[in-house]
Structures are given as structure tokens and as C-alpha cells.
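Peer 1: Before we start, here is the structure in question, set down as C-alpha cells.
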Amino acid sequence: MSSPIAFEAPATGTGSKLEHAVLVLYEPSSDGSQSAPGPEIARVAFQFNPRELALSKGTEWRRQTTRADDTAGPVQFQASQPSRLSLEVFLDASQEKDTAVVKAVERLFTTTVPTPTSLSRKKPSPPWVRFRWGSLTSFLAYVSSVRATYTLFTRGGVPIRATVALELEQITGPVPRQNPTSGTPLPQRRHVLVEGDTLAGVAYREYGDPHRWRAVAQANGIDDPFSLRPGQVLMLPAVDELRRLTGGRDDAR
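Numbering (the working numbering), first residue to last: 28 to 280.
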């Protein structure tokens, strides 16, 4: 029998047999776009379809402080939260009693590791993914969490049965701005600051270079980098736009 989960080459057609769920892996976008991924890397096909899928989505609101004791402050909408998809995958190799389950878990954990291509671009990022099952296609996402639980072992201690919980979070971004010189869209992403965020930290997570914090500050009209507050929204331009803001340099040291 085949492994419970196996990497497959990109599909070239569809068959008439029972359709199985699949996790499609893509290279992250090279131009900063949040809607179009890079080329397809591989597919993680599931031997057993999930029993259920859990979808969630939320909003972020901020309530202004008030000195009144008997009333709460006015609430203001801040942003929509990304959609999330949770599912559980069942793995079993109890008949073969081989290492197929261990290898399958390792393969799923690679969805949380930067791809070699993204590392070569100096913009490390794990693959982007889509979950597909028959006519169901999820939003473009990244795998935010992988949790494996081994439930059956051979006498020699080899795991031969497991369940893996996957958490997928939607990759989103605002409507791209227009490049005034070329007329082509320049994608941006929006980041809502949380307690402890710094411009250097945001620049490192987004561009792989903390020195680009000055360009981020310039793009958002921030004069004092120490004046950041939780709930504040930062616009994160594409790399090309960031270079334009810094006079063509890769960073703003």
C-alpha cells in the first residue's frame, strides 16, 4: 500500500474515482502580492478524507477609554480578521508496520519551514497552500500550526498510527495601489500592530531586513518610531514601492 500521505507532482487531469482531499503547496509570491502565489511546488494527498472542517472568521474592534464609571467607551471597527480553516488528518500504517506515518508527519511539518527558493531570495517564507476536496477549494493560506499525536506503535516503538491537526490562516491584503509611473498595480499588505511590535521587527518579518523600518515609517507617515500603539494599522508596500521610497536602494540604513 502507499503511504498515508504522499507528495505528488502537479495534477494533469481529474479521474472518475472517489476524490481525496489534497493540500496544494505553492512558492510564496516573489513580488509581494497577497492574491497570486508563485508556482506550484507539490501536493500533499490524503489517503483518508477529514471527518469535518471548521471555518472561522472574526473582526477586531477597539473601545476608547472613558472616565465614566457607569458606561463603556465608544467602540470603533479596526479590521476584519483573516479566515481560518481547521482540520484533522488520520494516518495509519498498522498493516505494513513501516515508517510511512513518521514520514507523512515529517512531510506535513515541512509546510512550516521556509522554501529553498524563498531563502535564496533572502525573503524566507514557508509555502503558501490551498486545501482542495472535490469542488471545495479553500482560500489561499499559510499553515499556522501542525500538531501530530501518535496513537499506536509497533513493539519496536515505531509510530504506525497518528492524527494530525492542521490550522490554515488566510493570506490577505488590501486592494493594490496604482503605480503612478507605469499604471500597474503595486500590492500592499496591512498589519495591525500588537503589544511589543516595533518597526524593525515588522520590517524583518515582512521583508527579511530590519533596516527597512525607515522606509516603512516613511510609507506610513511616522515621524517617531516610539509612538506606535496597539491597534494601529501599518501599510506594508511591495518591495518595488519600498525601493522607490528609499531612492532605489534595497534598504534605508
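For every residue, glycine included, the Cβ atom is placed at its ideal position computed from N, Cα and C. All values derive from a computational prediction rather than experimental measurement.
Would you say G85 reaches chain B, if we count a Cβ-Cβ gap shorter than 8 Å as a contact?
Peer 2: Considering every chain present, this structure includes no chain B. It has just one protein chain.
Peer 1: Once you ignore the five residues that flank E233 on each side, which residues in its own chain have a CB closer than 6 Å to its CB?
Peer 2: Here the question's residue 233 lines up with position 206 in the sequence shown. L263, listed in sequence order.
Peer 1: Starting from the C-beta of Y346, find all residues in its chain whose C-beta is less than 6 Å away, skip the five residues before and the five after it, and write them out in chain order.
Peer 2: Only positions 28 to 280 of the chain appear in the structure, and residue 346 is not among them; the question remains open.
Peer 1: State the Cα-Cα distance for the pair R78 and G85, rounded to the nearest angstrom.
Peer 2: For the purposes of this step, residue 78 is taken as the residue at position 51 of the sequence shown. For the purposes of this step, residue 85 is taken as the residue at position 58 of the sequence shown. If you take the alpha carbons of R78 and G85, they lie about 24 Å apart.
Peer 1: Quick one: is E35 buried, meaning 16 or more other Cβ sit within 10 Å of its Cβ, or exposed?
Peer 2: Indexing the sequence shown from 1 puts residue 35 at position 8. With a pLDDT of 48 at E35, under the threshold of 50, the predicted position of this residue should be treated as unreliable, though the coordinate-derived value follows. The residue is exposed, with fewer than 16 neighbouring Cβ atoms inside 10 Å.
Peer 1: Using 8 Å for Cβ pairs, my map puts T138 next to V170. What's the rounded Cβ distance?
Peer 2: The residue you call residue 138 lines up with position 111 of the sequence shown. The residue you call residue 170 lines up with position 143 of the sequence shown. Contact holds; Cβ gap of about 4 Å.
Peer 1: Starting from E233, follow its DSSP beta bridges and name the residues at the other end.
Peer 2: For the purposes of this step, residue 233 is taken as residue 206 along the sequence shown, with counting starting at 1. DSSP, once it has assigned bridges, lists no residue as partnering E233.
Peer 1: In the DSSP assignment, the beta strand (DSSP E) including P143 goes from what residue to what residue?
Peer 2: In the sequence shown, residue 143 corresponds to position 116, counting from 1. Counting along the chain, P143 falls outside any beta strand (DSSP E), though it belongs to the alpha helix (DSSP H) covering 143-147.
Peer 1: From A218 to L269, what distance separates their C-alpha atoms?
Peer 2: On the sequence shown, position 191 is the one that residue 218 refers to. On the sequence shown, position 242 is the one that residue 269 refers to. Note that residue 218 is His in the sequence shown here, rather than Ala. Going from the Cα of H218 to the Cα of L269 covers about 16 Å.
Peer 1: Can you tell me whether F158 is buried or exposed, with buried defined as 16 or more other CB within 10 angstroms of its CB?
Peer 2: To locate residue 158, count along the sequence shown from 1; it is residue 131. Classification for F158: buried.
Peer 1: Take every Cβ of the segment 122-138, pair it with every Cβ of the segment 177-188, and state whether three or more of those distances are shorter than 8 Å.
Peer 2: Cβ pair count under 8 Å is three or more, so yes.
Peer 1: Just checking my contact of I198 with A244 at CB under 8 Å: how many whole Å lie between their CB atoms?
Peer 2: For the purposes of this step, residue 198 is taken as residue 171 along the sequence shown, with counting starting at 1. For the purposes of this step, residue 244 is taken as residue 217 along the sequence shown, with counting starting at 1. Their Cβ separation, rounded to whole angstroms, is 24 Å, which puts I198 and A244 out of contact at 8 Å.
Peer 1: Considering only residues of the same chain and omitting the five flanking positions on each side of A81, which have a CB-CB separation below 6 Å?
Peer 2: The residue given as residue 81 occupies position 54 in the sequence shown. Counting only Cβ-Cβ distances below 6 Å, and skipping sequence neighbours, we find S113.
Peer 1: Can you tell me whether F73 is helix, strand or coil according to DSSP?
Peer 2: Looking up residue 73 in the sequence shown gives position 46. Strand, per DSSP.
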